[in-house]
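Residue numbering for the sequence shown follows this note's numbering, starting at -16 and increasing by one per position. Just below is one structure, and these are the notes that go with it.
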Amino acid sequence: MMIAAKIYAAFDEVSQRSTRPRKLIADRLIELASSCADFTVEDLWQELRQAEPRIGRATVYRSVEKLVNMGLLDRIEFADGTHHYRVCGGSEHHHHLTCTQCHRVVDIDICLPADQFAAIGDQADFVIEGHALTLFGRCKNCRTQGERAFFEKSTPLPPDNTYSSEDAPGEAQ
Ligand SMILES: [Zn+2]
Ligand SMILES: [Zn+2]
Ligand SMILES: [Zn+2]
């Protein structure tokens, strides 16, 4: 698996010594890569401590930061200002769509066309060198749950009187 080799290489670059904490972090990230799960540094640290109680939060934090800078880990922003990390693969350019309610993350391979970025640069007299784009919304699951909660709480709907004679089927023209 490509991503595994890249993650191991990233850790080798940091230090010639392959320490146990680094190996544990790399192994766990490779597992997370195959499951596409997103996580916080806190989650990762707590998991790693089960295997190695002496592993420091700072070590985990620095490793995650390093991998983000190398493009091997994606940092995913949520609408409420919190963020998670995910091993997305690190090669294909893509963005994220996140649910404002359940924090579900979806990869999207849609981006603005290059001439749009050029136009933005021209307008502000910048040379655009990169971008980050996160879309927020509510997933189908959360919308369905929202509707259910609404109908369970509300009194029965009044008879449907919104149909006017013009809308009635068969009476058109
Ligand atoms: Zn992604
Ligand atoms: Zn949701
Ligand atoms: Zn893009």
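Note that beta-carbon positions come from the ideal geometry of N, C-alpha and C, so glycine has one too.
Item	Value
Taking 7 Å as the cut-off, is the C-beta of R121 nearer than that to any heavy atom in ligand 2?	yes
Answer with buried or exposed for S148, where buried requires no fewer than 16 other C-beta atoms within 10 angstroms of its C-beta.	The pLDDT assigned to S148 is 49, lower than 50, so where the model puts this residue is not dependable; a value taken from the coordinates is nonetheless given after this. It is exposed - the Cβ of S148 has fewer than 16 other Cβ atoms within 10 Å.
What does DSSP give as the partner residues of H67 in its beta bridges?	I59
Can you tell me the Cα-Cα spacing of A102 and E60, whole angstroms?	26 Å
Determine, using beta carbons only, whether L80 comes closer than 8 Å to chain C.	Protein chain content of the structure displayed is limited to a single chain, and chain C is not contained in it.
Between D105 and D98, what straight-line distance do the alpha-carbon atoms span, to the nearest angstrom?	10 Å
So what does DSSP say about C125, is it helix, strand or coil?	helix
For ligand 2, is there a heavy atom less than 7 Å away from the beta-carbon of Q84?	yes
Any contact of the stretch 62 to 75 with the stretch 8 to 24, i.e. 3+ C-beta pairs under 8 Å?	yes
Inspect the beta-carbon positions of E35 and L55 and report whether they are closer than 8 Å.	no
Please determine, among C85, H86, D57 and R87, the residue with the shortest C-alpha to C-alpha distance to E75.	D57
Please list, in chain order, all residues with a C-beta atom less than 7 Å from at least one heavy atom of ligand 3.	H76, H78, C94, L95, H114 and L116
At a cut-off of 7 Å, is R87 close to ligand 2 when judged by its beta-carbon and the heavy atoms of the ligand?	yes
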